[in-house]
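> Just so we're aligned, residue 15 is where the sequence shown starts under the working numbering, counting upward by one. Below is the structure I would like to discuss, written out as structure tokens.
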Amino acid sequence: MAETGLILLTLLVGGLCHFVPARLPFLLPFVFNPLAFGGCLLLGFWYWRGVRRLPPGARPSLLRRCFFSAAVLGVWFVLQTHFEYLAQHMFFLNRAQALVLGMVSPFLAGLAWPGEALKAGAPGWVSHAAAPVWLLLRWLSHPLVAVAVFLFFTDIWLVPAVHFAAMIDPTLYAVMTLSCVTAGVLFWHVVLDPRPKPPCRVSYIFRAGTGFLVMFPQIAVGAYIALTSRDLYSFYALCGRLFPSISPATDQLFGGMILWIPPGMMSVISLVVILNALRIAEEKAAQAMPVPPGAKIHEAKWTGR
């Protein structure tokens, strides 16, 4: 069974990370996380197996497949390679890691909309075991709840005392990284849902507003970190910055700008994506609507078509 082979591979890499960590290449884990490592392998395998199992007309486009692959590889790179060592010794690289985990990879996964392919590729027991999780996700998938969860797990780790505790405690560090991924996936799958209402719970306009307005708290937090004169994150002075030529103030400035600018750009992109999904849904609805004999159209749609 392929899943068994992937689990054995995960155990093998975990053993190598434990016994010979200094001999491993850059693209293998610096800090082994079995959930992240095995999860990336299994999700990638289930997705591509599901794509092959779906009927040709129901398969996702090549672009959507590339989006999903990039999302999984992004999480892999920042969590299960030696990039993680860099992220633990420079604040701005740590924020780049968090950006990929909570924003970029979940955003790409939302654009891929991989649910059907994953359902087709995963074993049946996975669907049965995940049934209680779907009930929880049903409650969490309201946009207002998803926004609250997303902002909480994005910003709570930026509180200096909480950030310090997470960076020195391996268990709390793993919770921090995995919570960023989980909250990001939940939020962007709610916002980037391409379906009309129903079956989606809220309208396209509500989703577009949710994705756009969430950038303002992120901008405020990023601007404060970037522009403050205080050294908020003493952990990096304690462990030793990887690049001594970058001062604490500059490191913090770069980290704040990573929190400030890219999330705002992605929120604007999400607005464009949702409005385009609305346009496509309107066109499909118009094509499916029967036109009575002799009827005339007196008003063009907002798209101008």
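Idealized CB from N, CA, C, for every residue including glycine. Predicted, not measured: the structure shown is a model, and the values here were computed from it.
1) Pairs of beta-carbons, one from the stretch 251-258 and one from the stretch 98-112, closer than 8 Å: are there three or more?
2) Taking the beta carbon of E297 as the centre, do at least 16 other beta carbons fall within 10 Å, making it buried, or is it exposed?
3) Spatial neighbours of P43 within its chain, please: C-beta separation below 6 Å, excluding the five flanking residues on both sides.
4) With DSSP as the reference, label H96 as helix, strand or coil.
5) Below 8 Å, can you find three or more Cβ-Cβ pairs linking the stretch 85-93 to the stretch 108-126?
6) Using the three-state DSSP reduction, which class does M276 fall into: helix, strand or coil?
7) Going by DSSP in three states, G254 sits in which element: helix, strand or coil?
8) Please name the residue in T185, V176, V89, A295 whose C-alpha comes closest to that of P212.
9) Extract the residue ranges of the alpha helix (DSSP H) inside the stretch 113-185, only unbroken runs of 4 or more that lie entirely within it.
10) Should K327 and G28 be called a contact, given that it needs their Cβ atoms to be closer than 8 Å?
11) Just to confirm my understanding: we take M271, look at its own chain, exclude 5 residues before and 5 after, and list those with CB closer than 6 Å. What are they?
12) So, at 6 Å on beta carbons, what are the nonlocal neighbours of P120 in its own chain, with the 5 sequence-adjacent residues on each side left out?
13) Which of helix, strand or coil does DSSP assign to L68?
14) Please go through the same chain and pick out, in chain order, the residues whose beta-carbon is closer than 7 Å to the beta-carbon of W171, but skip the five residues on each side of it.
15) Chain D beta carbons: is any one of them nearer than 8 Å to that of A299?
16) I'd like to know if the stretch 213-220 and the stretch 230-247 are in contact, where contact means that at least 3 CB-CB pairs between them fall below 8 Å.
17) Start and end of the alpha helix (DSSP H) containing R221?
18) Nearest to L49 by CA position, among T185, Y250, R109, is which residue?
19) How many Å lie between G223 and S141 at the Cα?
20) Which term fits F164, buried or exposed, when burial requires 16 or more other beta carbons within 10 angstroms of its beta carbon?
21) Taking the alpha-carbon of P277 as reference, which of H156, Q232, D265, Q266 has the nearest alpha-carbon?
22) Would W60 and A136 qualify as a contact pair, given that the criterion is a beta-carbon distance under 8 Å?
23) In terms of alpha-carbon separation, which member of G129, F166, L158 lies closest to W148?
24) Since F33 is in the alpha helix (DSSP H), which residue starts that stretch and which ends it?
25) Measure the beta-carbon distance from I21 to G58 and round it to whole angstroms, keeping in mind my assumption that it falls under 8 Å.
26) Leaving out the 5 sequence neighbours to the left and right, which residues in its chain are closer than 8 Å to A251 when beta-carbon positions are compared?
27) What's the C-alpha gap between R293 and L41?
28) Taking all protein chains shown into account, decide if V321 is buried (16 or more other Cβ within 10 angstroms of its Cβ) or exposed.
Quick answer:
1) The stretch 251-258 makes contact with the stretch 98-112; the number of CB pairs closer than 8 Å reaches 3 or more.
2) Exposed: under 16 other Cβ atoms inside 10 Å.
3) The residues are C31, Q94.
4) Here H96 sits in coil by DSSP.
5) Enough Cβ pairs lie closer than 8 Å, so yes.
6) According to the sequence shown, residue 276 is Pro rather than Met. In this structure, P276 counts as helix in the three-state DSSP scheme.
7) It is coil, neither helix nor strand.
8) Closest by alpha carbon: A295.
9) Listed in chain order, the complete alpha helix (DSSP H) runs (minimum 4 residues) inside the stretch 113-185 are 119-126, 129-135, 138-143, 145-154, 157-169, 174-182.
10) Here the chain comprises residues numbered 15 to 319, so residue 327 is not present and cannot be evaluated.
11) Counting only Cβ-Cβ distances below 6 Å, and skipping sequence neighbours, we find A240.
12) Hits under 6 Å: G198, V199, W202.
13) Per DSSP, reduced to three states, the secondary structure at L68 is coil, with no helix or strand assignment.
14) Closer than 7 Å at Cβ, skipping near neighbours: H177, A180, M190.
15) The question asks about chain D, but that chain is absent: this structure has only one protein chain.
16) No contact exists between the stretch 213-220 and the stretch 230-247.
17) Its alpha helix (DSSP H) spans residues 218-227.
18) For the options T185, Y250, R109, the alpha carbon positioned closest to that of L49 is the one of T185.
19) As the crow flies, the alpha-carbon of G223 is around 32 Å from that of S141.
20) In this structure F164 is buried. Its beta-carbon is surrounded by 16 or more other beta-carbon atoms within 10 angstroms.
21) Looking at H156, Q232, D265, Q266, the one whose alpha-carbon comes closest to that of P277 is Q232.
22) Yes; because the gap between Cβ atoms is below 8 Å, this pair is in contact.
23) Of G129, F166, L158, the residue nearest in Cα terms is G129.
24) First-last of the alpha helix (DSSP H) with F33: 16-33.
25) No, I21 and G58 are not in contact; Cβ-Cβ is about 14 Å, not under 8 Å.
26) Excluding sequence neighbours, A251 sits near D245, P262.
27) Going by the C-alpha atoms only, they are around 42 Å apart.
28) The question about residue 321 has no answer here: the residues shown for the chain are numbered 15 through 319.
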